[in-house]
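Data first, discussion second: the structure below is written as structure tokens.
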Amino acid sequence: MTEKKKKLVLVDGSSVAFRSFYGLMNLDSFRNKNGLHTNALFAFNNILERIFQTEEPTHMLVAFDSGKTTFRNELYGNYKGGRDSMPSEMAEQWPYFSVLVRAFGGKTYELVNYEADDIIGTFSRLADQAGYDVVIISGDKDMTQLVTDNIRVDITVKGVSELKSYTPETIREEYGLEPLQIIDMKGLMGDPSDNYPGVTKVGEKTALKLLAEYGSIENLYGHVEEMKKSKLKENLINDKDNAFLSKTLATIDLDSPVTLSLDDLAVEGKNIDQLVEFYREMDFNGFLSKLGVESEDRSESFEEIHFETLTEIKPEHFSDRMSLYVEMLEDNYHEGTIIALSWGADGQIYTASLETVLASAAFKKWAEDEAMEKVVYDGKRTTVMLHYVGIELRGVIFDILLASYILNTKDNSKDLAEVAQEYGYNDVSYDETVYGKGAKQAVPEDAVLHDHLARKAKAIRSLYAQLNTELADNVQKDLYYDIELPLSFVLARMEIKGIKVDPERLLKMKEEFAGRLIEIEKSVYAEAGEEFNINSPKQLGVILFEKMGYPVIKKTKTGYSTAVDVLEKLQAQAPIVEHILNYRQLAKLQSTYVEGLLKYIRPETGKIHTRYLQTLTQTGRLSSVDPNLQNIPIRMEEGRKIRQAFVPQKEGWKIFASDYSQIELRVLAHISGDEHLREAFIEGQDIHTSTAMRVFGVDKPEDVTSNLRRQAKAVNFGVVYGISDYGLSQNLNITRRAAQEFIDKYFDKYPGVKRFMEDIVKEAKENGYVETLFHRRRYLPDIDNRNFNLRSFAERTAINSPIQGTAADIIKVAMVQMEKALEEKGLQANMLLQVHDELIFECPAEEIPILAKLVPEVMEHAVALSVPMKVDSNYGDSWYEAK
DNA sequence: GAGATCACG
DNA sequence: ACGTACGTGATCTCT
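The opening position of the first sequence corresponds to residue 10 in the working numbering, with each subsequent residue numbered one higher.
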């Protein structure tokens with residue numbers, strides 16, 4: 010047996026610790042019982058776990074910077090000068106990083122006068138020479154200078170959740186440089202974060218260009234006089250000293266006087282006792298459970314809970330304002346099975362099996378009694394689950410999950426324990442701990458199960474007052490009580506009602522598509538000269554760009570892009586592309602819509618019951634799953650025919666649909682107050698034509714060509730998305746410069762919109778969040794991030810969220826009112842679907858004239874804006890015909 | 001489980 | 001200089 014090759018993992022402890030800290034900036038939610046912040050330790054633990062799992066190192070070292078000054082300060086006094094001191098939230102965690110590493114069985118090391126980089130550089134060289142495989146993990150790209158055939162460098166991206174690997178090949182690909190030339194690049198660029206200058210006005214692009222030509226700083230300066238006169242040449246000459254100094258500073262010392270040998274770095278294996286102790290100290294209960302010690306230890310640390318598991322339920326087991334929890338492991342409550350239930354109030358908690366509950370009249374009576382108020386966790390889910398066992402839940406006055414989502418859209422876990430912990434309540438286990446996950450998921454013995462459910466019932470009841478107060482503090486009680494909570498029950502009824510889908514229609518399409526797919530496949534193979542999997546972008550890329558030699562237009566992380574916009578650019582020169590596009594379109598329809606939907610038709614009723622996720626999106630929109638009925642094709646006629654399968658539930662009934670016209674732009678007109686945008690809506694103009702006239706200086710609407718209108722439409726969309734020149738240029742296939750001109754023109758003509766955009770970003774910076782008209786919040790922690798990408802994204806989000814979110818608020822109000830109106834008028838019509846700005850109903854044919862008046866009436870006046878709302882309606886024998 | 005692609009607003 | 005349009009979900013391939 011050959012010995013396994015030795016593998017050394019070197020972690021840049023200081024840099025990864027900081028990345029952990031800033032990557033998981035949710036400071037408030039990561040504190041242990043003593044108030045110590047633990048966010049960075051939590052993230053650091055994750056990365057250590059991943060290292061041991063994926064790399065399986067035989068040797069390992071985590072290096073830390075030591076002290077304030079190093080030999081580099083002797084070369085350059087200002088080295089790393091001007092840095093803010095470590096935030097106190099980080100400083101208090103600092104001593105624990107090495108404790109954690111040692112518990113994992115790894116070594117830590119620091120060396121006076123040297124940085125972590127130098128320790129790592131030195132050991133990587135030693136290990137490379139000794140024939141080890143070496144992996145370096147850091148948040149600092151400078152490390153890539155250490156890459157060799159045996160040394161790989163992984164740099165953290167997105168906090169620490171992702172790593173990007175650098176090998177000699179990837180460095181050549183990305184920079185066109187050999188690893189050692191990274192030092193020259195840094196020399197020319199300098200490093201603002203380490204506070205040393207390079208050559209004035211030289212950034213990455215220029216540095217790469219220079220190195221492509223001259224190879225190194227030394228050679229560059231050997232030939233600098235031969236360069237033709239330019240600002241660049243001047244700067245290079247002036248800053249020569251800087252360039253050489255900063256190259257020296259950027260060079261990692263491969264020969265630092267380390268006092269350990271490679272053998273000292275051998276991995277010792279996890280010290281479970283130390284890990285358990287550490288996790289307990291930090292309150293990392295999730296990690297404890299992964300060690301398999303959680304359940305006993307954790308429940309020991311729990312307060313004892315008093316509850317009764319009933320085998321016979323009587324009226325005295327109920328009182329007003331109790332919590333209610335119904336347990337089911339499946340996500341999809343339309344087809345899952347209830348395991349058991351729990352309910353109660355202070356000092357009076359009960360649990361019972363489903364069988365026991367169904368055998369008693371008392372439970373049903375209490376559950377259905379509107380006057381008996383209940384607090385729940387996920388009211389919609391609870392309502393639907395109980396409906397399927399013949400109980401119509403009423404009297405729900407508070408939903409913890411829904412409230413938590415309103416308070417912070419990020420706090421929306423389906424596991425009650427996670428949300429509870431967010432609010433400082435820890436006396437309840439995670440579902441994963443109790444039930445396990447994946448293939449190992451199972452219901453535990455009754456004692457454990459009922460204890461878990463009793464704790465949930467207690468948690469729900471305890472959290473109610475706290476969340477209610479926070480809603481009041483945030484001025485969100487109206488949003489919660491008048492919109493979201495009533496809506497959850499409207500949605501429950503829509504889901505339960507379901508929509509009828511004609512399987513015959515879909516089966517016909519399936520057959521037709523199958524035949525055509527085979528034909529198209531043949532054409533593709535004929536053009537390509539071989540058979541391959543057209544569904545594989547990887548294989549398709551090889552055929553298109555290697556075998557057939559078409560020009561590469563765009564690349565993805567993993568290879569060639571074969572997305573539509575790329576293929577369309579090839580269409581003129583590549584006959585195969587037409588077939589591929591046809592294939593893609595049909596394959597999508599076939600797998601996602603024809604076959605996909607058929608799977609969801611319930612044979613007993615012929616209906617599909619989607620689930621709306623009310624606590625998922627960051628803007629307040631709904632989403633739809635299992636199946637998604639909010640993305641049924643409409644843009645292409647071929648796909649639109651799918652809608653022919655969506656029909657009314659009864660003979661002689663019709664499908665009726667109403668949609669808001671331009672709701673987001675109307676919302677923008679309202680909240681920005683821009684007079685020109687408002688005027689266009691008040692006067693009932695076509696908004697894109699009106700924008701075209703103003704932006705392109707056209708006097709009469711009839712002179713706006715379809716092309717101008719199309720461009721204006723793209724600009725309008727761009728505005729709603731938080732416009733950027735690049736985004737618009739991509740969308741319109743024009744130059745960035747032209748796009749920027751459009752944008753400038755637009756802002757010139759719609760100054761109110763411009764002001765809104767500036768103000769809302771300012772507001773986000775001041776408050777840390779933005780709001781809709783109804784005070785729905787979205788927190789934007791990245792709004793001040795030093796990373797340009799993250800910050801820009803947060804800024805665009807600050808612009809878009811109040812617009813998209815207010816539109817979502819409006820249709821939600823309309824839905825609540827709509828259901829009430831249908832009820833009051835005693836109509837048979839059912840509201841079935843919501844697709845962001847439209848509502849779809851079914852009704853007897855004779856009710857069509859009533860709906861045609863009632864629905865737009867309700868939708869248009871659900872909310873009064875400073876511009877009118879407009880709603881268009883249609884109806885027919887299927888969803889397809891309601892267009 | 002992630003990435004690419006494509007369906008919708 | 002940076003590298004992008006905003007919000008979603010399902011399916012397929014591939015590691």
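Ideal Cβ placement from N, Cα and C applies to all residues, glycine included.
Contact between the region 134-144 and the region 282-293 is absent, with fewer than three C-beta pairs closer than 8 Å. The straight-line gap separating the alpha-carbon atoms of residue 527 and residue 541 is approximately 13 Å.
The region 266-278 makes contact with the region 56-71; the number of CB pairs closer than 8 Å reaches 3 or more.
Excluding the 5 residues flanking it on each side, residue 126 has same chain C-beta neighbours closer than 6 Å at 261, in chain order. Here residue 110 is near residue 57, since their CB atoms are less than 8 Å apart. Two segments are said to touch when three or more pairs of C-beta atoms, one from each, lie closer than 8 Å; by this definition the region 406-425 touches the region 465-476. Our two residues, residue 774 and residue 728, have alpha carbons roughly 20 Å apart in a direct line.
Pairing residue 624 with residue 633 gives a Cβ-Cβ distance that is not under 8 Å. In the structure shown, residue 824 falls within a helical segment according to DSSP collapsed to helix, strand and coil.
When DSSP states are grouped into helix, strand and coil, residue 666 belongs to the strand group.
By the criterion of a C-beta distance shorter than 7 Å, residue 269 is surrounded in its chain by 118, once the five residues flanking it on both sides are discounted. The residue from 418, 380, 726 with its alpha-carbon nearest to that of residue 485 is 418. Residue state for residue 540 is assigned as coil, using DSSP reduced to three classes. In the structure shown, residue 160 adopts extended strand secondary structure according to DSSP, grouped into three states. With contacts defined as CB atoms closer than 8 Å, residue 233 and residue 220 fail to qualify as a contacting pair.
The three-state reading of DSSP puts residue 372 in helix, counting H, G and I together. About 7 Å separates the CB atoms of residue 758 and residue 685; that is less than 8 Å, so the two are in contact. Residue 717 is bridged by DSSP to nothing; it lacks a bridge partner. Shortest Cα-Cα distance from residue 891 to any of 525, 463, 60, 652 involves 652. The beta carbon of residue 287 sits closer than 7 Å to the beta carbons of 108, 109, 112 from its chain, once the five residues preceding and following it are set aside; these are given in chain order. Taken atom to atom, the span from the alpha-carbon of residue 854 to that of residue 822 is near 26 Å. Each of 637, 259, 432 was checked against the Cα of residue 479, and the nearest Cα belongs to 432.
Under the three-state reduction of DSSP, residue 810 is assigned to helix.
Going by C-alpha positions, residue 52 is about 12 Å away from residue 291.
The beta-carbon separation of residue 805 and residue 889, rounded to 35 Å, does not stay under the 8 Å limit for a contact. Pairing residue 164 with residue 214, the inter-Cα distance amounts to about 20 Å. Selection 45, 154, 152 evaluated against residue 101 yields 45 as nearest (Cα-Cα).
Taking all protein chains in view, the Cβ of residue 149 is crowded by 16 or more other Cβ atoms within 10 Å, so the residue is classified as buried.
Here the region 777-796 makes no contact with the region 746-765; the two share fewer than three CB pairs at distances below 8 Å. Taking the C-beta atoms as reference points, residue 791 is found no nearer than 8 Å to residue 785. Burial check for residue 416: the Cβ neighbour count within 10 Å reaches 16 or more, so the residue is buried.
Here residue 166 is actually not in contact with residue 153; their C-beta atoms are around 13 Å apart, not less than 8 Å.
DSSP, reduced to helix, strand and coil, places residue 386 outside both helices and strands of the structure shown, so it counts as coil.
Just so you know, the alpha carbons of residue 707 and residue 743 end up roughly 21 Å apart.
Contact between the region 487-504 and the region 552-562 is not established, with fewer than three Cβ pairs separated by less than 8 Å. Cβ atoms of residue 335 and residue 347 come within 8 Å of each other, at about 6 Å.
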